[in-house]
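In the working numbering, the protein residues as written are 511 to 723.
By construction, the Cβ of each residue, glycine as well, lies at the ideal position given by its N, Cα and C atoms.
Here the structure is a predicted model, which is why all the values come from computation and not from measurement.
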């Protein structure tokens with residue numbers, strides 16, 4: 511299971527016309543099932559007059575299947591939501607939701623045509639979708655002696671750790687935020703640097719994907 515993976519940056523939209531029907535595909539960052547469903551609801555309100563608002567989402571790393579969903583929204587069974595989901599599941603992105611809005615133009619596409627239209631709409635949107643890297647983080651609270659402050663500060667960049675809070679009293683306390691994968695290595699490095707004279711407490715943070723763009 512990857513600890514870092516690409517996710518959408520915000521919302522991206524494309525549109526195309528296929529045999530007089532207009533298809534509008536909107537793709538967005540979905541850090542949770544709640545966020546995905548909220549976005550779908552938002553699209554249904556924005557395009558309340560559309561013939562269909564079909565959707566699919568994958569929450570979690572690319573290719574994961576633990577938190578997924580899709581809907582044909584009135585199109586023939588299996589012609590919209592499932593094909594959209596298949597594209598999302600194999601696109602190499604995580605935490606993503608897509609809504610394809612259709613304004614029926616009077617010409618029926620048939621089941622095969624619908625499958626192609628809905629899946630290609632998502633593929634088209636993904637072609638120019640801006641992305642960023644999702645990195646799960648953890649907070650590490652450390653307590654050290656003043657004599658270790660400078661060496662510790664020099665050590666932090668090697669582990670992608672940033673100081674988010676600090677307190678100077680009898681000892682020095684730092685709250686650090688760093689990638690989850692780096693935490694065990696930093697812990698080990700701190701113990702070695704201070705010859706064991708360090709207190710370390712781990713506090714999982716809300717993943718940065720929960721508060722992303």
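Beta-carbon gap between residue i and residue j smaller than 9 Å
i: residue 530; j: residue 612; result: no
i: residue 659; j: residue 682; result: yes
i: residue 641; j: residue 517; result: yes
i: residue 528; j: residue 627; result: yes
i: residue 566; j: residue 595; result: yes
i: residue 515; j: residue 643; result: yes
i: residue 592; j: residue 583; result: no
i: residue 664; j: residue 676; result: no
i: residue 639; j: residue 603; result: yes
i: residue 573; j: residue 600; result: yes
DSSP three-state assignment for residue i, whether helix, strand or coil
i: residue 577; result: strand
i: residue 600; result: coil
i: residue 639; result: coil
i: residue 697; result: helix
i: residue 518; result: strand
i: residue 527; result: strand
i: residue 560; result: coil
i: residue 649; result: strand
i: residue 614; result: coil
i: residue 542; result: coil
Residue from the options whose Cα sits closest to the Cα of residue i
i: residue 513; options: 688, 705, 618; result: 688
i: residue 578; options: 655, 569, 680; result: 569
i: residue 571; options: 587, 617, 645; result: 645
i: residue 670; options: 693, 680, 678; result: 693
i: residue 547; options: 519, 580, 690; result: 580
i: residue 589; options: 556, 629, 557; result: 629
i: residue 680; options: 558, 662, 618, 656; result: 656
Proximal residues to residue i (C-beta, below 6 Å), its chain only, five neighbours per side dropped
i: residue 554; result: 563
i: residue 672; result: 687
i: residue 543; result: 569, 577
7 Å CB neighbourhood of residue i in its chain, flanking five on each side removed
i: residue 560; result: 611, 612, 613
i: residue 616; result: 530
i: residue 586; result: 621, 624
i: residue 576; result: 570
i: residue 481; result: The structure shown does not extend to residue 481, since the chain is modelled only from 511 to 723, so the question has no answer here.
Close-in-space but distant-in-sequence residues of the same chain around residue i (CB under 8 Å, 5 per side omitted)
i: residue 716; result: The predicted model places residue 716 with a pLDDT of 49, which falls under 50 and marks its position as unreliable; any figure quoted below should be read in that light. Excluding residues within five positions, none has a Cβ falling inside 8 Å.
i: residue 708; result: 652, 653, 654, 658, 700, 701
Tell me, please, whether the stretch 606-617 touches the stretch 531-541 by the rule of three or more beta-carbon pairs shorter than 8 Å. These segments touch.
Assess contact between the stretch 632-652 and the stretch 511-523, defined as three or more Cβ pairs (one per stretch) separated by less than 8 Å. Is contact present?
Touching, yes.
Do three or more CB pairs link the stretch 649-666 to the stretch 687-705 at distances below 8 Å?
Touching, per the Cβ criterion.
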